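What follows is a single structure, written as structure tokens, with notes after it.
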Amino acid sequence: MFSLFLIPLCILLLLLGMFGVVWVRASVVKLEYKIGELEKKKEECLRAKRMLLAEKASLLSFERVEASMGKDRRFIFPERARVVHVEKQKEPQPYKASLEKKQPGQP
Amino acid sequence: MHRKRGIILNTIIIFSFFAVSLRLVDLMVFEHRRLAERAKLQHVKVEEVQVRRGAIFDRCGRELALNIELESLYCDPENLGPDHENLKRLASTISREPHAVLARITTGGRFAWIERKLEPSIAEKVRALNIKGLGFIKEAKRFYPKGELAAHIVGFVGIDNQPLEGIELRYDKYLTAIGGKVSLGRDANGKTLSGGVNKEAKGNNLVLTLDEGLQYIVEKEIEKAVVKWRAKAATAIMMNPYTGEILALANSPAYDLNSPGKASGFERRNRAVTDCYEPGSTFKMIVGTAALEEKIVRPDTLFDVSRGGIDVGRKTIRDAHRRGVLTFREVIEKSSNVGSVMTGIRLGKERIYKYAKLFGIGEKTGIDLPGEVSGWIRPPEKWSGTSLGAIPIGQEVAVTPLQMVRAYAAIANGGFLVKPHVVSEIISPEGQVLVSFKDKEKKRILSQSTADTFREILKGVVAEGGTGEKASLHDFDVAGKTGTAQIIDPQTKRYSKEKYVSSFVGFVPADEPKIALIVVVYEPRGQIYGGEVAAPVFKEIVDKSLTYLTSPREDNHYKNLLLVSR
Numbered sequence: 000m001f002s003l004f005l006i007p008l009c010i011l012l013l014l015l016g017m018f019g020v021v022w023v024r025a026s027v028v029k030l031e032y033k034i035g036e037l038e039k040k041k042e043e044c045l046r047a048k049r050m051l052l053a054e055k056a057s058l059l060s061f062e063r064v065e066a067s068m069g070k071d072r073r074f075i076f077p078e079r080a081r082v083v084h085v086e087k088q089k090e091p092q093p094y095k096a097s098l099e100k101k102q103p104g105q106p
Numbered sequence: 000m001h002r003k004r005g006i007i008l009n010t011i012i013i014f015s016f017f018a019v020s021l022r023l024v025d026l027m028v029f030e031h032r033r034l035a036e037r038a039k040l041q042h043v044k045v046e047e048v049q050v051r052r053g054a055i056f057d058r059c060g061r062e063l064a065l066n067i068e069l070e071s072l073y074c075d076p077e078n079l080g081p082d083h084e085n086l087k088r089l090a091s092t093i094s095r096e097p098h099a100v101l102a103r104i105t106t107g108g109r110f111a112w113i114e115r116k117l118e119p120s121i122a123e124k125v126r127a128l129n130i131k132g133l134g135f136i137k138e139a140k141r142f143y144p145k146g147e148l149a150a151h152i153v154g155f156v157g158i159d160n161q162p163l164e165g166i167e168l169r170y171d172k173y174l175t176a177i178g179g180k181v182s183l184g185r186d187a188n189g190k191t192l193s194g195g196v197n198k199e200a201k202g203n204n205l206v207l208t209l210d211e212g213l214q215y216i217v218e219k220e221i222e223k224a225v226v227k228w229r230a231k232a233a234t235a236i237m238m239n240p241y242t243g244e245i246l247a248l249a250n251s252p253a254y255d256l257n258s259p260g261k262a263s264g265f266e267r268r269n270r271a272v273t274d275c276y277e278p279g280s281t282f283k284m285i286v287g288t289a290a291l292e293e294k295i296v297r298p299d300t301l302f303d304v305s306r307g308g309i310d311v312g313r314k315t316i317r318d319a320h321r322r323g324v325l326t327f328r329e330v331i332e333k334s335s336n337v338g339s340v341m342t343g344i345r346l347g348k349e350r351i352y353k354y355a356k357l358f359g360i361g362e363k364t365g366i367d368l369p370g371e372v373s374g375w376i377r378p379p380e381k382w383s384g385t386s387l388g389a390i391p392i393g394q395e396v397a398v399t400p401l402q403m404v405r406a407y408a409a410i411a412n413g414g415f416l417v418k419p420h421v422v423s424e425i426i427s428p429e430g431q432v433l434v435s436f437k438d439k440e441k442k443r444i445l446s447q448s449t450a451d452t453f454r455e456i457l458k459g460v461v462a463e464g465g466t467g468e469k470a471s472l473h474d475f476d477v478a479g480k481t482g483t484a485q486i487i488d489p490q491t492k493r494y495s496k497e498k499y500v501s502s503f504v505g506f507v508p509a510d511e512p513k514i515a516l517i518v519v520v521y522e523p524r525g526q527i528y529g530g531e532v533a534a535p536v537f538k539e540i541v542d543k544s545l546t547y548l549t550s551p552r553e554d555n556h557y558k559n560l561l562l563v564s565r
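Which chain is which? The protein sequence lines are A and B, in order.
Taking numbering that gives the first Met the number 0, I'd label the letters of the first sequence as residues 0 to 106.
Taking numbering that gives the first Met the number 0, I'd label the letters of the second sequence as residues 0 to 565.
Encoded structure:
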């Protein structure tokens with residue numbers, strides 16, 4: 000009686016096991032498809048990025064910038080002798096109280 | 000009854016499984032190899048690894064050479080069919096003649112390139128034609144975003160990304176990477192499964208010593224000079240006199256790196272390193288420093304040049320303007336040929352040759368660019384009777400512009416001969432510095448005092464009354480020397496009376512030099528003198544370059560100007 004149920008049970012388990020293996024394998028393949036598609040998308044994005052970087056570098060070339068400025072006639076190159084650079088002011092900082100002793104030469 | 004049925008069912012199931020197991024053993028053990036190979040052919044796709052050359056940047060990280068991906072058009076001639084209407088449509092889309100396209104298709108075989116590396120918009124138009132038998136393959140293409148800028152340094156690659164010129168050629172082993180093939184899984188529909196493998200190999204990136212801003216300034220100015228003087232060509236090199244870093248190197252005419260096939264060999268010539276010329280008066284610096292170093296003259300040593308000429312062998316060397324008695328300082332400032340020959344005679348040919356060699360004349364500088372020539376100076380035993388009159392004034396010597404700017408850099412930096420270079424770092428795709436060329440060797444060739452003395456003399460050349468007055472800036476001291484050299488006419492084998500090379504070489508600010516610069520204009524028309532043709536170009540370049548570098552004015556103290564700062 001016992002063996003009458005045990006054998007079909009074993010067979011069922013075996014079938015379930017085999018199904019499980021096939022299911023896992025199918026899932027892996029499905030995942031590989033998904034990853035493959037995403038990799039393709041990534042490649043496309045990288046390709047577009049490369050094109051955009053190239054375009055950006057081209058647009059930022061000195062020649063292009065100068066040409067576009069010349070067209071607008073809003074920008075001119077100043078004479079060097081007339082350019083005066085003024086020292087950049089430091090950002091105002093909050094006053095810091097300290098109990099530490101000042102070192103000689105320290106403001 | 001039930002028991003009997005159970006036994007029969009069990010037996011059938013067991014036998015079925017046994018039969019399946021036997022078949023599995025047959026397939027997986029005995030037939031394994033044959034079937035695995037068949038499966039591999041069906042399910043594995045072999046793809047080429049895309050090799051991407053490393054990028055090239057200027058010293059501030061601005062891109063000079065990049066990679067983009069474009070599609071190349073191919074066809075299977077057997078599937079394409081002889082449809083003339085389609086052929087015409089295709090030819091007009093890719094801007095080719097139909098017979099040219101037909102010639103490509105009828106080469107035989109089942110694969111033929113029709114057009115490599117199409118613009119994306121054109122590729123889309125071709126795709127829209129929907130012609131059977133056509134296909135696209137993605138390929139990496141080298142792209143030079145700055146076009147003509149630094150064309151002679153960066154160089155270019157061919158259709159298969161093989162290096163052909165410039166840095167692309169010289170540093171190819173670093174820029175390129177080893178490709179190969181990868182196997183990827185695919186299904187019956189040809190859909191690719193992820194193999195988890197890297198499908199591209201990247202080369203190392205290069206950081207140059209060039210500065211795009213300075214390069215742009217130099218290129219524009221020499222281009223203007225060529226137009227103004229209707230010259231054959233012009234070259235300029237800007238160098239850091241302390242390190243030998245090339246900050247800018249330009250030749251005019253130049254060419255677009257994205258279509259090098261359209262440029263002639265003349266335009267592609269990097270004259271800065273591949274062409275020699277007789278330096279003329281700029282060579283007087285070498286004889287002058289040698290005489291100072293050997294203590295044969297002092298700045299106030301007097302030379303009587305009142306005759307206006309001096310006989311050496313069968314040749315008479317003359318001055319452009321007759322002068323009286325000049326000090327050694329004035330000989331250089333006024334560029335007196337007679338005074339320079341007198342100095343040369345006092346120095347003797349052995350010592351002239353020795354110092355020329357010390358300054359690197361007749362030897363390659365070792366710059367990391369292809370095609371450098373060594374120039375030429377004969378050893379003393381091969382000098383003719385007139386050589387002692389010719390060499391001190393820069394004749395019978397052939398130099399490259401790079402050799403001359405390096406020689407003047409030795410005065411600027413206090414007596415060291417530096418090694419010029421254009422690549423500063425080689426960086427891996429991951430950003431790690433693999434090689435750094437920042438610490439270059441330098442060799443002392445002059446004493447500090449000789450260099451300082453000659454620096455003062457060169458400042459006089461650019462001061463009022465000097466031959467290089469037109470190179471002077473009102474707020475910076477400039478040190479430099481003009482040169483005007485005749486070109487030998489290949490037909491008459493004598494010096495031409497119409498063809499000259501005008502040059503100016505110097506450094507600025509004179510006392511704390513930031514840049515050494517040479518400007519060489521080949522065969523100008525209308526004016527020939529270095530002081531008239533090349534010196535103003537030098538002035539324009541350094542004026543704009545100092546603005547670009549935001550150099551504080553030297554006269555801000557005594558003119559009571561605001562502190563210059565950034």
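The beta carbon of each residue, even a glycine, is placed where N, CA and C say it ideally should be.
Source: prediction; values computed, not measured.
Query raised in the report: Which term fits B/P400, buried or exposed, when burial requires 16 or more other beta carbons within 10 angstroms of its beta carbon?
Result: buried
Query - Option nearest B/T466 by Cα separation, candidates B/S502, B/L433, B/A224 - result: B/S502
Query raised in the report: What residue does the alpha helix (DSSP H) around B/Y254 start on, and which one ends it?
Result: Per DSSP, B/Y254 belongs to no alpha helix (DSSP H) and is neither H nor E.
Query raised in the report: Do the segment 61–75 of chain B and the segment 141–152 of chain B touch if we need at least three Cβ pairs shorter than 8 Å?
Result: yes
Query raised in the report: Three or more beta-carbon pairs under 8 Å between the segment 67–82 of chain B and the segment 207–218 of chain B, yes or no?
Result: No, because fewer than three Cβ pairs between the segment 67–82 of chain B and the segment 207–218 of chain B fall closer than 8 Å, the two stretches do not touch.
**Report entry** Cut-off 7 Å between Cβ atoms - residues of its own chain near B/H42, not counting five sequence neighbours on either side
**Finding:** G184, R185
Query - Residue closest to B/A319, alpha-carbon to alpha-carbon, out of B/S335, B/N197, B/S448 - result: B/S335
**Report entry** Coil, strand or helix - B/D186 by DSSP
**Finding:** coil
**Report entry** First through last residue of the beta strand (DSSP E) which encompasses B/K356
**Finding:** From DSSP, B/K356 is part of no beta strand (DSSP E) but of the alpha helix (DSSP H) over 348–357.
Report task. At 7 Å on the CB atoms, spell out the chain A contacts of B/I295, in chain order. Result -> Within chain A, no residue comes near B/I295; the closest Cβ sits about 41 Å away, beyond 7 Å.
**Report entry** chain B contacts made by the segment 6–30 of chain A, where a contact means CB separation under 9 Å
**Finding:** Hits within the stretch, in order: I6, P7, I10, L13, V28, L30.
Report task. On a CA-only basis, which of B/M27, B/K198, B/T281 is nearest B/A534? Give me that one, please. Result -> B/T281
Report task. Anything in chain A within Cβ reach of B/I12, meaning under 7 Å, just list it in chain order. Result -> I10
Query raised in the report: Taking the DSSP output, what are the residues bridged to B/K425?
Result: Here residue 425 of chain B turns out to be Ile, not Lys, going by the sequence shown. Answer by DSSP bridge pairing, in chain order: B/L205, B/V434.
**Report entry** Within-8 Å CB hit, A/I34 to chain B
**Finding:** yes
Requested in this report: Please report how far the alpha carbon of A/I10 lies from the alpha carbon of A/A25, in whole angstroms.
Outcome: 22 Å
Requested in this report: Please report how far the alpha carbon of B/E633 lies from the alpha carbon of B/P259, in whole angstroms.
Outcome: The question about residue 633 of chain B has no answer, for chain B in this structure spans 0 to 565.
Query raised in the report: Taking the alpha helix (DSSP H) that B/L291 falls in, what are its first and last residues?
Result: 283–292
**Report entry** Chain-ordered chain B contacts of A/R68 [CB-CB under 9 Å]
**Finding:** Residue identity differs from the one stated: residue 68 of chain A is Met in this sequence, not Arg. Residues of chain B passing the Cβ test: none, with the nearest at roughly 13 Å.
Report task. Please check if any C-beta of chain C sits within less than 8 Å of the C-beta of A/F74. Result -> In the structure shown, chain C does not exist; the protein chains are A and B.
Query raised in the report: Hey, how far is the Cα of B/Q485 from the Cα of B/L205?
Result: Cα atoms of B/Q485 and B/L205: separation of roughly 40 Å, rounded to the nearest angstrom.
Query - Where B/A249 sits in the DSSP three-state scheme - result: strand
Query raised in the report: From B/R493 to B/Q394, what does the alpha carbon distance come to, in whole angstroms?
Result: Rounded to whole angstroms, B/R493 to B/Q394 spans 12 Å at the Cα level.
Query raised in the report: If you measure from the beta carbon of B/L65 to each beta carbon in chain A, is any gap under 8 Å?
Result: True, the Cβ-Cβ gap to chain A drops below 8 Å.
Query raised in the report: From the beta carbon of B/Y499, is the nearest beta carbon of chain A less than 8 Å away?
Result: no
Requested in this report: Please list, in chain order, all residues of the same chain as B/Y73 whose beta carbon is under 7 Å from its beta carbon, the five residues on each side excluded.
Outcome: F110, A111, W112, I113, G134, I136
Query raised in the report: What did DSSP end up calling A/L5 once you bin it into helix, strand or coil?
Result: Helix, per DSSP.
Requested in this report: Give the residues from the segment 478–508 of chain B that approach chain A closer than 8 Å (Cβ to any Cβ), ordered along the chain.
Outcome: none
Query raised in the report: At a Cβ threshold of 8 Å, is B/S193 touching chain A?
Result: yes
Requested in this report: For B/L433, count neighbouring C-beta atoms within 10 Å of its own C-beta (all shown protein chains included) and say buried if the count is 16 or more, exposed if not.
Outcome: Residue environment analysis places B/L433 among the exposed positions, since fewer than 16 neighbouring C-beta atoms fall within 10 angstroms of its C-beta.
Query - Min CB distance A/L3 to chain B below 8 Å - result: yes
**Report entry** Three-way DSSP call (helix, strand, coil) for B/V563 in this model
**Finding:** The predicted model places B/V563 with a pLDDT of 47, which falls under 50 and marks its position as unreliable; any figure quoted below should be read in that light. Note: B/V563 maps to coil in three-state DSSP.
Query raised in the report: How would you list, in chain order, the residues of chain A whose beta-carbon sits under 9 Å from the beta-carbon of B/Y215?
Result: S60, F61, E62, E65
Requested in this report: Have a look at B/L256 and B/A262 and give me their C-alpha separation to the nearest angstrom.
Outcome: 9 Å
Query raised in the report: Which parts of the segment 429–509 of chain B are runs of the beta strand (DSSP E), unbroken and 3 residues or longer, counting only runs that do not cross its ends?
Result: 432–435, 441–443, 478–487, 494–507
Query raised in the report: In chain order, what residues of the same chain have a beta carbon less than 7 Å from the beta carbon of B/T175, not counting five sequence neighbours either side?
Result: V50, R52, G202
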